[in-house]
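Encoded as structure tokens, the structure appears first; notes follow it.
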Amino acid sequence: MEDVLASAEYARTTAFAIDALLTGDTLKETNKSDPEVIQNLARLAIRLQQFRQHSDQLGQWLQSGAASKSPKIQALVAELARECRRVSVIVFNEIDKLSSDGSVDTLGAGILAEYDGVLAAFTRVFVFFAQILSGGGEKDSKLNHPDAHQLVQNAQRASEKVVSSRSSLLDLNNPRLPTVKVSV
């Protein structure tokens, strides 16, 4: 559960950082004249806010104990949440780096599209889990559906791609990262 809430906090913080970039003077003038860069950053900020909303919702269901009767769901959510947190750290660090130097020379449209794609995949998975936890009946059996397997695999593949290509930005011990306190 902590990883779900931490991912939501990374998303919130990163979206605010992007908004500050887009409205402030940090971006270099050459970047401001590139509408694709501005569009991609704005789109990523929206995706981060959507992801945060659904992460928070899943976190609330997990805090309510809705997953306690399903060890299978608990294990899968925990695994995916760890992967998601790693991706969230990378995106946060990428935007933090951009905030520092104001240049998007190394941050192309492809990278922004990858981040958008992985956040979309995790959003779909988190929505799926929140729906399972909010409904009645046998929860574990819903995980056996081919669509459920596809959602999970898509998120895992997207995560692996981002983590393997941008692993230099994966610093889980960075003290500037947001911290989340979980009350049980």
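With my numbering, letter number 106 in the sequence shown gets 88, and the count goes up by one each step, no holes. All residues carry an ideal CB built from backbone N, CA and C; glycine is no exception.
Nonlocal neighbours in the same chain, by C-beta distance under 7 Å from residue i, ignoring five residues either side
i      : result
Gln45  : Met(-17)
Ala103 : Asn136, Ala137, Ala140
Glu18  : Ala91
Phe110 : Ala130, Leu133
Asn22  : Ala91, Leu94
Coarse secondary structure for residue i, derived from DSSP in three states
i      : result
Ile72  : helix
Asp122 : helix
Asp7   : coil
Arg148 : coil
His127 : coil
Nonlocal neighbours in the same chain, by C-beta distance under 6 Å from residue i, ignoring five residues either side
i     : result
Val69 : Val100, Ser141, Val144
Arg34 : Ala(-10), Ala(-7), Arg(-6)
Leu30 : Ala(-7), Thr(-4), Ala(-3)
Query raised in the report: Where in the segment 20 to 107 do unbroken runs of the alpha helix (DSSP H), each at least 4 residues long, occur, reported from the N-terminal end onward?
Result: 53 to 83
Query raised in the report: Between the segment 103 to 122 and the segment 30 to 49, do three or more beta carbon pairs fall short of 8 Å?
Result: yes
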